[in-house]
Amino acid sequence: MMKQQRRFKDLGIEGATARWYDNNTRKSRLTEMKEYVKVASKYLYDGYSVLEVAPGPGYLAIELAKLGICNKIIGLDISKGSRRH
């Protein structure tokens with residue numbers, strides 16, 4: 343399903359497809375993001391800002407925020423559902 347959609351470059355995952363992906367990958371993605379945060383935390387210091395490109399549901403940003411050392415965490419995504427004002 344995803345391979346077929348990726349033939350159209352730079353399309354965000356929206357609606358039912360995004361919900362399906364999140365529901366079917368959440369557990370493994372959370373574990374993966376926690377591992378990434380362990381590595382990233384070695385390079386982050388109090389007051390740093392982080393830009394996450396293509397954050398999807400924001401698992402990495404959430405785990406980084408739990409550390410409490412980042413001044414600001416920004417996610418940049420092309421999917422309409424991830425836009426915040």
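Its first residue numbered 343, the sequence shown is counted upward by one per residue in the numbering used here.
Glycine included, each C-beta is placed from N, C-alpha and C at the ideal position.
This structure is a prediction, so every number in the text was calculated from the model and none was measured.
Exposed unless 16 or more other CB atoms sit within 10 angstroms - verdict on V379:
buried
Answer with buried or exposed for Y385, where buried requires no fewer than 16 other C-beta atoms within 10 angstroms of its C-beta.
exposed
Where does the unbroken alpha helix (DSSP H) through S383 begin, and where does it stop?
Element bounds for S383: n/a, residue is neither H nor E.
At which residues does the alpha helix (DSSP H) containing I411 begin and terminate?
Following the DSSP letters along the chain, one finds I411 in no alpha helix (DSSP H), marked with neither H nor E.
Coarse secondary structure for I415, derived from DSSP in three states:
strand
Residue environment, I420, which counts as buried when at least 16 other CB atoms sit within 10 Å:
exposed
Write down the C-beta distance between I296 and D388 rounded to the nearest angstrom, noting that I regard them as a contact closer than 8 Å.
Because the chain spans 343 through 427 in this model, residue 296 falls outside it and cannot be assessed.
For the putative contact between E394 and G357, defined by C-beta atoms under 8 Å, what is the C-beta separation to the nearest angstrom?
Wrong, their Cβ atoms sit about 22 Å apart, outside the cutoff.
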